[in-house]
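This report concerns only the one structure given below.
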Amino acid sequence: MTAAELIAFAAFEGGVYSQAFPAFGVERRGAPVQAFVRFSDEKIRLRSQVYEPDYIIVQDPTLIGDVDVFKGMTAGGIAIVNTEKPDFDARVPEGVKVYAVDATTIALEELGVPITNTTLMGAFAAATGEIKLEALEHALRSRFSGSMADKNVRAAERAYNLVGGAL
Amino acid sequence: MLEFMEGSHAVAEIVKRCRPQVIAAYPITPQTHIVEDLAQMVANCELDAEYITVESEFSALSACLGASAAGSRVYSATTSQGLALMFEVCFNAAGMRQPIVMTIANRSLGAPLSIWNDQQDSISLRDSGWLQFYAEDNQEAADLHMIAYKVCEDHDILLPAFVCFDGFILSHTYEPVALPTQEEVDAYLPAFNPYQRLDAEAPLSFGMYATPEYYTEFRYEIDQAQYRAKEAFVKAGREFGEQFGRDYSALVEGYRLDDADTALVAMGSICGTAKDAVDEMRDAGKKVGLLNIRMFRPFPAPEIADALKGVSTVAVLDKNISLGSGGAVGTEVKAALSGSNQAVYDYIIALGGRDVRKRDIAAVVDLAEKGKGDMFYGLRTEVL
């Protein structure tokens, strides 16, 4: 949920309407959870969950196989997957571009903990172009302070540059 | 200026700016974030209020009732089983004519246990004498608290109010909200001026017993105050619009109802999804509109009849069920339209957090236009 909130906040800071919400009731760190984000140039009224995502972020690659994480995606979609093994076995719908990012390692190196929200946010920004780097940094500095802000910005930028370099 | 925040936080921020002097609440999902935020504001001296921690919702509302009778502006928040535990105090608060404002983060009632959203909790207190307002989004949820205090504390009204917003769907959603400044809220909502108060120098009794010679008249006066609250809401909503640019003078809000053949009727956040669904159906050439009921108590029956007078078919979306009878909103809409030759159908939908998509709204419209209704929508017959 934190990643969804931060992505939506950064998008809002970038000048669009946005909305973020969890798959209600089960949000606990470490448990399998879903959260959803919408962006729009107009005020967002729709409240249903997202069934046909343009983008997905998979934070925990061990879910792949047990859960059809790509469900509802169509050609042109973009998936960002946190994994050490870029050759993971999954049925990716035709035309969906997958970016494999080892966000856990980046988070461990930059933050000292395997919490990948901000790292994956950087990867998302680079892969989709929906969020500018400045808006992302602003969002992180609003959410975190002091050295935690610096560390999270560094983690996000590393992933941003890594994915940006692969484009 | 729009700011990006969680719905519960928006509510807590606006409640803070309404300057309650006493807050008593017991945490319960999905209301928790609101009272956590307020407790923190009091602890940080950002809000000059007495925050009374209690052991139950019964005590929470009892503390509010006493503090209100003593002349304080008070606030509480709850949901679901917590509201059920307040049942007795709710009737007392209305009967003693105390202008308490309480947020309901709407949630289903057990058993079976469900923490997810529907509107069974507040709807089940429809006969308690509390005013009931329903928010479509988090902006409305925040704004309605200011309006609620203004209406409740009006000396012609003196009734408590629920400001209802859908649990999780709004309370846990982050979206842009414009929050008025403290100075702007102060300009809209003057300090609480109690009609009467407990005072050791001039003792009064609240909530004494009434013999059969008087009880009916007490009930009549509450009922009359409920009806007067419509006018007070219109006035407070118009003033709100003049000051903040968001007009709440309508008790019911029509959306694309002009020339509509079929109208959906709903309350709360489902109206947002329904508006998007209406747009899609309009694009496909269907003459469909929506009526959003913003105020459920008092029930704006003439306003509903007037708003719907041009349509032939009405489909009411009820996120509650009066077991053994039907949806509460549908039943009252049917009564409001009795004598017309309009076909009114009720659909029990979105109970216990079941997600509603635009295609569900379109499916309800199809059912209504085929004359099929007064039913649970989307029943999973395979698990019965």
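Those protein sequences? They're chains B and Y, same order as listed.
Under the numbering used here, the first residue of the first sequence is numbered 1, with each subsequent residue one higher.
Under the numbering used here, the first residue of the second sequence is numbered 1001, with each subsequent residue one higher.
Every residue, glycine too, gets a C-beta built ideally from N, C-alpha and C.
These figures come from a predicted structure and were not determined experimentally.
- DSSP places L1317(Y) within a strand segment (E or B) once states are collapsed to three.
- K1016(Y) and S147(B) have their alpha carbons spaced roughly 31 Å apart.
- Interface criterion met: the Cβ of S48(B) is under 8 Å from a Cβ in chain Y.
- Residue state for K43(B) is assigned as coil, using DSSP reduced to three classes.
- In the structure shown, the three-state DSSP call for P1180(Y) is coil.
- Note that the C-beta distance between V1314(Y) and V1333(Y) is below 8 Å.
- For S18(B), the enclosing beta strand (DSSP E) starts and ends at 17–22.
- Contact annotation, P1099(Y) with E1153(Y): C-beta distance approximately 5 Å; criterion of less than 8 Å satisfied.
- Taking a Cβ-Cβ cut-off of 8 Å, V1011(Y) has no neighbours in chain B, whose nearest Cβ is about 16 Å from it.
- L1308(Y) and L1257(Y) have their C-alpha atoms spaced approximately 8 Å apart.
- Within the segment 86–119 of chain B, the alpha helix (DSSP H) runs of at least 4 residues that lie entirely inside it are, in chain order, 103–111.
- Excluding sequence positions up to five before and after A1277(Y), its CB lies within less than 6 Å of the CB of K1358, I1361, A1362, all in the same chain and listed in chain order.
- Using beta-carbon distances, Y17(B) counts as an interface residue toward chain Y, with a partner under 8 Å.
- It is roughly 25 Å from the alpha-carbon of L1109(Y) to the alpha-carbon of L1038(Y).
- Scanning the segment 1203–1259 of chain Y from its first residue to its last, the whole alpha helix (DSSP H) runs of 4-plus residues come out as 1215–1244.
- Within the model, the alpha-carbon separation for R1294(Y) versus V98(B) is close to 45 Å.
- Think of a sphere of 7 Å around the beta carbon of V1333(Y): no beta carbon from chain B falls inside it, the nearest being about 22 Å out.
- Inter-residue distance for D102(B) and A75(B) is about 24 Å (C-alpha atoms, whole angstroms).
- Inclusion of Y1188(Y) and Q1243(Y) in the CB contact set at 8 Å is warranted, their separation being smaller than that value.
- In this structure, the beta-carbon distance from G122(B) to A159(B) falls below 8 Å.
- In the three-state scheme derived from DSSP, where H, G and I count as helix and E and B as strand, T1262(Y) is classed as strand.
- Look at the segment 1131–1187 of chain Y and you find these whole runs of alpha helix (DSSP H), each 4 residues long or longer: 1138–1153.
- Ranked by how close their Cα comes to the Cα of E157(B), the residues F124(B), S145(B), V58(B), F144(B) have F124(B) in first place.
- Contact annotation: C1090(Y) and S1128(Y) have beta-carbon atoms nearer than 8 Å.
- With its beta carbon less than 8 Å from one in chain B, T1273(Y) belongs to the interface.
- Using a Cβ-Cβ cut-off of 9 Å, R154(B) is close to nothing in chain Y; its nearest Cβ partner there is about 23 Å away.
- I1034(Y) sits away from A1067(Y), with the two beta carbons spaced by 8 Å or more.
- Close to F9(B), with beta-carbon spacing below 8 Å, are these residues of chain Y in chain order: F1004, Y1174.
- Using a Cβ-Cβ cut-off of 7 Å, F12(B) is close to F1004, P1176 of chain Y, given in chain order.
- Residues of chain B with a Cβ closer than 7 Å to the Cβ of D1355(Y) are, in chain order, S48, Q49.
- One alpha carbon belongs to H1009(Y), the other to Q59(B), and they sit about 27 Å apart.
- Annotated as distal: V1356(Y) and V1265(Y), with beta-carbon spacing of 8 Å or more.
- For D1276(Y), the residues of chain B that pass the 7 Å Cβ criterion are R45, L46, in the order they occur in the chain.
- Nearest neighbour of K1235(Y) by Cα position, chosen from Y1248(Y), E1201(Y), D1166(Y), turns out to be Y1248(Y).
- For the 8 Å CB-CB criterion, Q1021(Y) and S1059(Y) do not form a contact.
- From the listed residues N152(B), L162(B), V163(B), G165(B), the smallest Cα separation to A3(B) is found for N152(B).
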